[in-house]
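Residues -18 to -1, 1 to 331 in mature numbering (1 follows the signal peptide of the UniProt record, and there is no 0) are what the sequence shown spells out, letter by letter.
Notes to accompany the following structure.
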Amino acid sequence: MFFQSLLSLALVPTLIHAATVTFPPTVGLGTSDAQYISSSSTFDSLKISNVNSTTYEWYYFDAISDDGSYSVVATFFVAPNTAFPFTGSPTMTLEVLLSIQTPDSDVFYLNGAFATDAQVSTDGDGASGVWEGTGLSFNGSSDMSSYQVVIDSAASMGVTGTISMQSIAPAHYPCSANEAGATMQLMPNVGWANAIPDSQATVQLEINGQNISFTGSGYHDMNWGDIPFENAVSTWHWGHGRLGPYSLVWFDGTSQDGTPYTSGYVSMNGAIVDTQCSGVNVTATSSGFDIEIDLADESVFQAQFSTDHTLLSFNGVYFRWSGGLVGGISGGEQYTGSAMFDEFDFTSS
């Protein structure tokens, strides 16, 4: 999702199918191309040919404990803040951000670092990346069945450890399963590919001498765009969670012209029940959000998310929460679990 001189000359197909791409830490020059139609392989590969001042891309990983009391989020950015306003620099693009929640504190740890350069390698559908100088990297298997985030940053960030994921839910795009020729646009000029909608996650970290370990639900996706994020997005409500045998991912937002866009995904015991970009409603309540996903068999998956823990908050425009999730297919058995939820709202900014 990212680069400069050599990369600014490359065509998107050359870029995304390259075995390894190395890019510098500063904003690229020239124009950029974005890939928004899927290919038959390289699901988790780079999608932006040149990250300049108006383009961005990131790899996102999180894990949350079954009871919602622990969570960790690691994001690998290639994004100047002129393109994505919540990164740290208008010129430096290679940033990692790590946040950790514990039962003692919603924001037990929050820190970031800039890389000196980065490499992303593609193998089959999977990808691996190293953000040099930060101590953070990720490794994906060729079939995306497993991912691991490695943190070896005792000196600069005070953290070492791993976030390991074994997938239990098939990958998907906004409107379809993992297939060639599918749209990857969540809304105009915003791409999304969800390699791991849910996984069995094991987290083992040492933070400034304190051990933090938990198991739960793990998630990994990537986002990218070829215009600044806030020029494309007006509102954004995204989240994922697990309820009994079900894994859920939802999105409900509007573009800057007010057009609504949605995406809903439900899998059960490792098989997709439905994935589509219609029939999803996310509604704010006094304690969180109600989520409804219409399914192909005309049933409805309903869930209630509680915003129990505020993990990030930026100027009233961007929030991240973790919390409890309750629900199931309407009229059927109801389950309890945990979920992560992001909100962007640029309507009043």
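Ideal Cβ positions, reconstructed from N, Cα and C, are used throughout, including at glycine.
A quick note: this is a predicted structure, and the numbers were derived from the prediction, not measured.
Do Ser216 and Thr329 have their beta-carbon atoms positioned less than 8 Å apart in this structure? Going by C-beta atoms, Thr329 is nearer than 8 Å to Ser216.
May I have a chain-ordered list of the alpha helix (DSSP H) segments no shorter than 4 residues that lie completely inside the stretch 209 to 261? Counting whole runs of 4 or more residues, the stretch 209 to 261 contains the alpha helix (DSSP H) stretches 211 to 214.
Gln17: first and last residue of the uninterrupted beta strand (DSSP E) it sits in: Unbroken run through Gln17: none, as it is neither H nor E.
Helix, strand or coil, according to DSSP, for Asn193 in the structure here? Note: Asn193 maps to strand in three-state DSSP.
Secondary structure of Phe328, DSSP reduced to three states: Secondary structure at Phe328: coil, using DSSP grouped into helix, strand and coil.
Rounded to a whole number of angstroms, what is the C-alpha to C-alpha distance between Trp174 and His202? Near 11 Å, if we compare the C-alpha coordinates of His202 and Trp174.
Quick test of the definition: if touching needs 3 or more C-beta pairs under 8 Å, does the stretch 77 to 86 touch the stretch 45 to 63? Cβ pair count under 8 Å is three or more, so yes.
Look at the Cβ atom of Ser245, then the Cβ atom of Pro156, and state whether they are nearer than 8 Å. The Cβ atoms of Ser245 and Pro156 sit closer than 8 Å to each other.
Go through its chain and collect everything with a Cβ distance to Thr84's Cβ below 7 Å, but skip five positions before and after it. Excluding residues within five positions, the ones whose Cβ falls inside 7 Å are Tyr52, Phe90 and Ile194.
Note the first and the last residue of the continuous beta strand (DSSP E) segment covering Leu294. From DSSP, the beta strand (DSSP E) with Leu294 extends over His291 to Phe296.
For the beta strand (DSSP E) that contains Val115, what are its first and last residues? Before going further, note that residue 115 is Gly rather than Val in the sequence given. Segment: none, Gly115 is in no beta strand (DSSP E) and carries neither H nor E.
Tell me which residues share the same chain as Gly111 and place their Cβ nearer than 7 Å to its Cβ, disregarding the 5 neighbours each side in the sequence. Excluding positions up to five away in sequence, the list reads Tyr41, Phe58, Ala100, Gln101, Val102, Ser119 and Phe120.
So, using beta-carbon positions, are residue 398 and Gln148 closer together than 8 Å? Because the chain is modelled from -18 through 331, residue 398 falls outside the range shown and cannot be assessed.
Once the 5 residues before and after Ser269 are set aside, which same chain residues still bring their CB inside 6 Å of it? Answer for Ser269: Ser288, listed in chain order.
DSSP puts Phe90 in a beta bridge; with which residues? According to DSSP, which records beta bridges pairwise, Phe90 is partnered with nothing at all.
Between which two residues does the beta strand (DSSP E) holding Met126 run? In the DSSP assignment, Met126 falls outside any beta strand (DSSP E), carrying neither H nor E.
Does the pairing of the stretch 249 to 263 with the stretch 10 to 28 give three or more beta-carbon distances under 8 Å? These segments do not touch.
Any C-beta of chain D under 8 Å from that of Asp234: The chain labelled as chain D is not found in the depicted structure, where only one protein chain is given.
Less than 8 Å between the beta carbons of Gly117 and Ile133, yes or no? The answer is yes: Cβ separation under 8 Å.
Note down the Cα distance separating Gly115 from Ser71, rounded to an integer number of angstroms. Straight-line Cα distance between these residues: approximately 17 Å.
Span separating the alpha-carbon of Gln284 from that of Glu274: Those two C-alpha atoms are separated by around 5 Å.
What do you reckon, are the CB atoms on Pro210 and Ala65 nearer than 8 Å? For the pair Pro210 and Ala65, the CB atoms are nearer than the 8 Å cut-off.
Classify Thr(-5): buried if its beta carbon has 16 or more other beta carbons within 10 angstroms, exposed otherwise. Note on Thr(-5): pLDDT 36, under 50, position unreliable in the model; the coordinate value appears next. So Thr(-5) counts as exposed.
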